[in-house]
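Numbering (this note's numbering), first residue to last: 743 to 1162. Cβ atoms here follow ideal geometry from the backbone N, Cα and C, with glycine treated the same way.
Structure (structure tokens):
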């Protein structure tokens, strides 16, 4: 029995290494549009919400997806997002005499093994510190009572010490004002781990949302009232019975249009309006890992939430950058950032090593109406996987990102503004 298990483990390692060393493809303008059912079986496989058993049954599909990535847009998306890029470029900017709030946001802050040193480049910390309001997704517990691995965090066992948060400071102050805890790793260290994480952030004057009964958090900055709410497709299945009140978005994983329930989020947006919130932000952990474009149903859900009052939707979870979308209707106007990629990570695939810092300007015009526009965008890179360090991405990328050069060019063509 032990010999059979050893052989199985060796085979798993062999095939994992094989997939990891496979030539990484490059996106191009000729990448065909394919519906989900037209894609290879490994590209159709989505682990979210499927459970541990199905994950292991589809282990090779998952590894292949994590290596090759799903590059294909869904039918109609190529032209749609090309048009979106033009729309976003035409958004009006605030005039010099208007006072605006600089809102900055990034993607996933993942657990990494080398968290005892300064792993964020000073240029990034300085850039974030200059903004008025900065948001991100903390995708790991910060639990002092739980084990902390000195090696790569294993699946569903993320955890970092509080020294991880020390690196997210500039001149002694945290660069993040808000961190979402609504993600699938929030309960990796159980209810106690989630509570310790919340308490650690509060002790550093970083507000968090996603693991308590509070529907939203408000900030007043330069006379503008911001509201932030979060939700996740779920938590890792072995922790789904814990009692922490996680903010969920039902029907996302597995994705089923008949089970999607937006009532709680729509009600939260209504309560924000009643509370005189000027600018409403939703930070949603959704979508599917390693897919470069959002599922059409995710697009439909996002559009509905914008029309029900959201001004900005920030997406996380896929670990790769996805396009932005501007939704304009007679009811409302808002921005959707489907996936911001990883901000901190030790994932080895070049696609997962490119993230984004996006800035948004929000102001009140002379008619006292709230206006917003896209500010600068900067691509980031995890420069060294063995010693994860997030830096501003240079052009051209450094040698260790050569395999991702076409992906870098692809990122420049996504619907957001990149100011190098």
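Task: Inter-residue Cα distance where the pair is residue 1157 and residue 847 - done: C-alpha of residue 1157 to C-alpha of residue 847: approximately 16 Å in a straight line.
Open item on the list: Shorter than 7 Å, the distance from the beta carbon of residue 882 to the closest heavy atom of the ligand ZN, or not?
Closed with: Ligands displayed in this structure: none; no statement on the ligand ZN is therefore possible.
Task: the stretch 1047-1055 touching the stretch 1067-1076, judged by at least three CB pairs closer than 8 Å - done: With the cut-off at 8 Å, the stretch 1047-1055 and the stretch 1067-1076 touch.
Task: the stretch 985-996 / the stretch 969-977 touching (three or more Cβ pairs under 8 Å) - done: yes
Task: Collapsed DSSP secondary structure at residue 1149 in the structure displayed - done: helix
Open item on the list: My output table needs one value for residue 1089: the three-state DSSP class, helix, strand or coil.
Closed with: Three-state DSSP puts residue 1089 in coil, outside helix and strand.
Task: Distance CB(residue 790)-CB(residue 1030) smaller than 8 Å - done: yes
Open item on the list: Whole angstroms are fine: how far does the CA of residue 1107 sit from the CA of residue 965?
Closed with: So the two alpha carbons sit approximately 12 Å from each other.
TODO: Please state whether DSSP places residue 1076 in a helix, a strand or coil.
DONE: strand
Task: Delimiting residues of the beta strand (DSSP E) encompassing residue 852 - done: Run containing residue 852: 842-852, per the beta strand (DSSP E) assignment.
TODO: Could you tell me the distance, in whole angstroms, from the CA atom of residue 782 to the CA atom of residue 800?
DONE: 13 Å
TODO: Along the alpha helix (DSSP H) that carries residue 865, what are the first and last residues, could you check?
DONE: 864-871
Open item on the list: Could you check whether the stretch 834-847 touches the stretch 812-823, counting it as contact only if at least three pairs of C-beta atoms, one from each stretch, sit closer than 8 Å?
Closed with: no
Task: Contact belief for residue 1062 with residue 811 at Cβ below 8 Å, rounded distance in angstroms - done: 7 Å
Task: Beta-carbon spacing of residue 863, residue 1133 below 8 Å - done: yes
- [ ] Look at residue 924 and residue 1027 and say whether their C-beta atoms are less than 8 Å apart.
- [x] yes
TODO: Assuming residue 997 contacts residue 946 (C-beta within less than 8 Å), just tell me the rounded distance between them.
DONE: Actually they are not in contact, since the Cβ atoms of residue 997 and residue 946 sit about 36 Å apart, beyond 8 Å.
- [ ] Would you check if the distance between the CB atom of residue 1066 and the CB atom of residue 1079 is smaller than 8 Å?
- [x] The criterion of a C-beta distance shorter than 8 Å is satisfied by residue 1066 and residue 1079.
- [ ] Mark residue 914 as exposed unless 16 or more other C-beta atoms lie within 10 angstroms of its C-beta, in which case mark it buried.
- [x] exposed
Task: C-beta contact flag for residue 1101 and residue 1083 at 8 Å - done: Contact: no.
Task: Residue from 884, 834, 831, 918 whose Cα sits closest to the Cα of residue 869 - done: 918
Task: DSSP state of residue 941 mapped onto helix, strand, coil - done: helix
- [ ] Given a cut-off of 8 Å, decide if residue 1085 and residue 933 are closer than it, judged by their beta-carbon atoms.
- [x] no
Open item on the list: Going by DSSP in three states, residue 1012 sits in which element: helix, strand or coil?
Closed with: helix
Task: Extent of the continuous alpha helix (DSSP H) run through residue 962 - done: From DSSP, residue 962 is part of no alpha helix (DSSP H) but of the beta strand (DSSP E) over 959-963.
Task: Cα-Cα separation, residue 935 to residue 926 - done: 14 Å
Open item on the list: Tell me the DSSP secondary structure of residue 791 in three-state form.
Closed with: coil
- [ ] Express the C-alpha separation of residue 824 and residue 787 in angstroms, rounding to a whole number.
- [x] 27 Å
TODO: Helix, strand or coil for residue 887, going by three-state DSSP, please let me know.
DONE: Residue state for residue 887 is assigned as coil, using DSSP reduced to three classes.
Task: For residue 803, three-class secondary structure by DSSP - done: helix
Open item on the list: So, with DSSP's three-state summary, where would you put residue 1095?
Closed with: helix
Open item on the list: Considering only the alpha carbon of each residue, which of 1125, 779, 819 lies closest to residue 773?
Closed with: 819
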